[in-house]
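Visitor: In the order they appear, the protein sequences are chains A and B. Each residue of the first sequence is one higher than the one before, starting from 386 at the first, in our numbering. Each residue of the second sequence is one higher than the one before, starting from 386 at the first, in our numbering. C-beta: ideal position from N, C-alpha, C; glycine also. Bear in mind the structure is a predicted one, so any value in this text is a computation, not a measurement.
Number of protein chains: 2
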Amino acid sequence: MNPHTRPETTARRNASQSSPYHHGDLRRALVEAALALVTEEQDWGFSLREVARRAGVSHNAPYRHFPEKRDLLAALAVAGYEALRVKLVAAAETAEGPEDELVAIGVAYVQFGAENPARYRLIFGPDLLTGGLGMPASVAEAAQAAKAVLVDVIARGVQTERFAVSQDTQAERDRVVLTAWALVHGLTMLLIDGLAGPALPPAVSETVTRSLLDGIRKRP
Amino acid sequence: MNPHTRPETTARRNASQSSPYHHGDLRRALVEAALALVTEEQDWGFSLREVARRAGVSHNAPYRHFPEKRDLLAALAVAGYEALRVKLVAAAETAEGPEDELVAIGVAYVQFGAENPARYRLIFGPDLLTGGLGMPASVAEAAQAAKAVLVDVIARGVQTERFAVSQDTQAERDRVVLTAWALVHGLTMLLIDGLAGPALPPAVSETVTRSLLDGIRKRP
DNA sequence: CACCTAATGTGGACGACGTCAACATGAATC
DNA sequence: GATTCATGTTGACGTCGTCCACATTAGGTG
C-alpha cells in the first residue's frame, strides 16, 4: 500500500484542537498546503516556513519528510502530472474514435494548464532539475504516465489507419506523438504567458488541435 | 540613441584598477554579469548581491538601476528576446522561399533554446509576470519583435500562395502563426526538459518543423 | 573657474529564508 | 513496562532582498 495513505488512524490534528506533538499525516498536509500556496500566489516562490506554518508545525518539521525544498516541489509535480493524466483520460472517454479523442485530449490539456498556470509551470519547472541530470525519477515517471494517454490514442489512430504515417515504425509514431505534445504544450505556455493574443483558450485550443489533426489525418 | 550605449566615455573601471567611486556603465555590467550567472548556473535563482559582487560594486548599487530584482530579470529577458530575433532573422536569410525559410527559422529557434536553456526559460519565465498583468511592457515589446520574424515569413507564404489558409483573413493568418509558434516553443521546452526522448535537437527540430510545413503547405 | 544639485555608489540594519545540530516526545516493538 | 526510532521543536548561522542615511562626484549654472 502507498505509504502516504493512512486509512485507519485519522490524522490526530483534526479532532482535538490541542495540537499533539505528532501530526499524524504531515507529509500529505505539507503537499496540500504547498499546492494551495502555489494556486493562490500563482508562483512557487513560497517559503518552506510558510508551508510549515499553514500545516501548523514548526519551521523544521518539513525536513523530516523532504530533505530539501526541491523535494517538496517534486512531490507537488508528481501530484500535478497525476492530475493531468486523470483529466486527459476523462476527456478521452467523452469522445469516440481516435480523431475526436485526440481533439478532446488537446482541449483538456490546454484547459488544465489555463486553469492553474502556476501548477502547470511547476511540473515543467526548472527548479526540479537535479543538477544537469534532468527531473527526479519519480517526476519523470509521472510525466511518462501522462504522456502515455497521448501515446495511446495516437497508436490507436495509426493502427486503425485513421492517422497517416509514412511507415508504421516506432520512430514514426514517436515523431507524431512528439509533434502533438509539443503543439499542445507550446500552446498552453503561450496562452499562460498572454502571448497567444486575445482569443479565448477553449476556442483557440480546439482550432489549433484540429489543425494538428488535419496534418496527420489520412486523406481519402 | 540607445541610452545603454556610451560610446565616448569608456567605462572608468577598465583602465585604472583603483576602482573609482562611480562605475561608469554599471547598468550594462550588471546585465552582463547576470546573464553570465544564468548561463553558468542554468538557473535564475542567483542573488542580486552576487551580481553586484561580480560587477565589483556594493550590494546596494544595483538598486540605483533596478528597483527590484524582477526588473533586472526583465532587462535580461529583453536582451534575450532580441538575441532570439537576431538569430531568427539570420536563419531566414540563409534560405530561399517561404517554405525553406520557415524550416530554417524553426530549426534556429529550437537551437536557440537548446544552447542556453536557462536563458530560454527565463524569457518566458513566471518571475517576470507583474502581478497578474502579464509581462512588463518592455518585455512584451521585445517578444512581439521576435514573433514578427515568424509572422513575416508566414505572411509571405500565404501571399505567394505557397501556404494554404481557408480564407486569407487576419484571423486565419494568426491561427497559422500561433500554431507554428506553439509547435516550436513546445518542442524547445520538451527538449530542454529531456522529455523529447533520445533524439538530438537538430534532427528532431527539422523533422517536426517539416511536419508543420506539411500541414500548411498548399497541395497540388 | 567655483558652486550647486542630482545622480550614483557605500555601509549598516532589519526581518525572512533555507538549512544544520541538539534536544524533546511518544508510537511501536519486544 | 522499557526501549528504540521516527517525528516534531528550539535555537543558531550565514545569506538574501530591501530600506535608510550618508558619501562621492559628474555636469550644468553663475
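Judging by CA-CA distance, which residue of A:453, A:436 and A:540 is the nearest neighbour of residue 554 of chain A?
Guide: Closest by alpha carbon: A:540.
Visitor: Any beta-carbon of chain A closer than 7 Å to the one on residue 421 of chain B?
Guide: No, because no Cβ of chain A sits closer than 7 Å to the Cβ of residue 421 of chain B.
Visitor: Express the C-alpha separation of residue 441 of chain B and residue 407 of chain B in angstroms, rounding to a whole number.
Guide: Residue 407 of chain B and residue 441 of chain B: Cα-Cα distance of roughly 11 Å.
Visitor: In chain A, what lies closer than 9 Å to residue 515 of chain B by C-beta?
Guide: Result: empty, since nearest Cβ-Cβ is about 11 Å, beyond 9 Å.
Visitor: List the residues that DSSP assigns as beta-bridge partners of residue 548 of chain A.
Guide: Looking at the DSSP assignment, residue 548 of chain A forms a beta bridge with A:602.
Visitor: Using a beta-carbon distance below 7 Å, is residue 511 of chain B in contact with chain A?
Guide: Yes, residue 511 of chain B counts as interfacial toward chain A.
Visitor: Answer yes or no: does any C-beta atom of chain A fall closer than 7 Å to that of residue 596 of chain B?
Guide: Yes, residue 596 of chain B counts as interfacial toward chain A.
Visitor: When you compare each of B:489, B:415, B:595 and B:468 to residue 504 of chain B by their alpha carbons, which one comes out closest?
Guide: Closest by alpha carbon: B:468.
Visitor: In the stretch 509 to 568 of chain B, which residue ranges form an unbroken alpha helix (DSSP H) of at least 4 residues, counting only runs that do not cross its ends?
Guide: Counting whole runs of 4 or more residues, the stretch 509 to 568 of chain B contains the alpha helix (DSSP H) stretches 522 to 544.
Visitor: Classify residue 430 of chain B as buried or exposed, calling it buried when 16 or more other Cβ atoms lie within 10 Å of its own Cβ.
Guide: With fewer than 16 other Cβ atoms within 10 Å, it is exposed.
Visitor: Tell me the rounded alpha-carbon separation between residue 482 of chain A and residue 453 of chain B.
Guide: Each residue's alpha carbon lies about 52 Å from the other.
Visitor: Could you spell out where the alpha helix (DSSP H) holding residue 485 of chain B opens and where it closes?
Guide: Segment 483 to 500, the alpha helix (DSSP H) holding residue 485 of chain B.
Visitor: Leaving out five residues on either side along the sequence, give the residues of the same chain with a beta carbon under 7 Å from the beta carbon of residue 601 of chain B.
Guide: Only 548, 549 and 561 meet the Cβ criterion.
Visitor: Under DSSP, the alpha helix (DSSP H) around residue 424 of chain B begins and ends at which residues?
Guide: Taken as a continuous stretch (DSSP letters only), the alpha helix (DSSP H) holding residue 424 of chain B covers 411 to 426.
Visitor: Looking at the C-beta of residue 491 of chain B, does it have a partner C-beta in chain A at a distance below 7 Å?
Guide: Not one chain A Cβ lies under 7 Å of residue 491 of chain B.
Visitor: Note down, in chain order, each residue of its chain lying with its Cβ closer than 7 Å to the Cβ of residue 474 of chain B, except the 5 sequence neighbours on either side.
Guide: Answer for residue 474 of chain B: 534, listed in chain order.
Visitor: Can you pull the chain B neighbours of residue 504 of chain A, defined as C-beta to C-beta under 9 Å?
Guide: What residue 504 of chain A touches in chain B: nothing, since even the nearest Cβ is about 11 Å away.
Visitor: Looking only at its chain, what residues have a beta carbon closer than 8 Å to the beta carbon of residue 525 of chain B, apart from the 5 residues adjacent to it on each side?
Guide: Cβ within range, chain order: 519.
Visitor: Name the residue from A:497, A:455 and A:476 whose alpha carbon lies nearest to the alpha carbon of residue 487 of chain A.
Guide: Out of A:497, A:455 and A:476, A:476 has the C-alpha closest to the C-alpha of residue 487 of chain A.
Visitor: Could you tell me the alpha carbon to alpha carbon distance between residue 457 of chain A and residue 563 of chain A, rounded to whole angstroms?
Guide: Rounded to the nearest angstrom, the two C-alpha atoms are 29 Å apart.
Visitor: For residue 594 of chain B versus residue 491 of chain B, is the C-beta spacing smaller than 7 Å?
Guide: Yes, these two residues count as a Cβ contact at 7 Å.
Visitor: Looking only at C-alpha atoms, which of A:420, A:412 and A:543 sits nearest to residue 448 of chain A?
Guide: Checked all of A:420, A:412 and A:543; the closest Cα to residue 448 of chain A is A:412.
Visitor: Against residue 568 of chain A, what residues of chain B qualify as contacts under a CB-to-CB distance less than 8 Å, listed in chain order?
Guide: Residues of chain B passing the Cβ test: 564, 567, 568 and 571.
Visitor: Inspect the beta-carbon positions of residue 513 of chain B and residue 567 of chain B and report whether they are closer than 7 Å.
Guide: No, the pair does not count as a contact, with Cβ atoms beyond the cut-off.
Visitor: Just to check my reading of the structure: residue 480 of chain A and residue 493 of chain A have Cβ atoms closer than 8 Å, yes? What is that Cβ distance to the nearest angstrom?
Guide: 10 Å between Cβ atoms; not a contact.
Visitor: From residue 542 of chain A to residue 485 of chain A, what distance separates their C-alpha atoms?
Guide: Cα-Cα distance, rounded: 10 Å.
Visitor: Can you give me the C-alpha to C-alpha distance between residue 394 of chain A and residue 414 of chain A, rounded to a whole angstrom?
Guide: Unreliable positioning characterises residue 394 of chain A in this predicted model, as indicated by a pLDDT of 44, which lies under 50. A coordinate reading is not provided.
Visitor: Let me confirm a value: residue 551 of chain A is counted as buried when at least 16 other C-beta atoms fall within 10 Å, else exposed. Which label applies?
Guide: Exposed, because fewer than 16 other Cβ atoms sit within 10 Å of the Cβ of residue 551 of chain A.
Visitor: What is the DSSP secondary structure of residue 392 of chain A, reduced to helix, strand or coil?
Guide: Interpretation of residue 392 of chain A is limited by its pLDDT of 40, a score under 50 that renders its predicted location unreliable; the figure taken from the coordinates is listed afterwards. Coil at residue 392 of chain A, not helix or strand.
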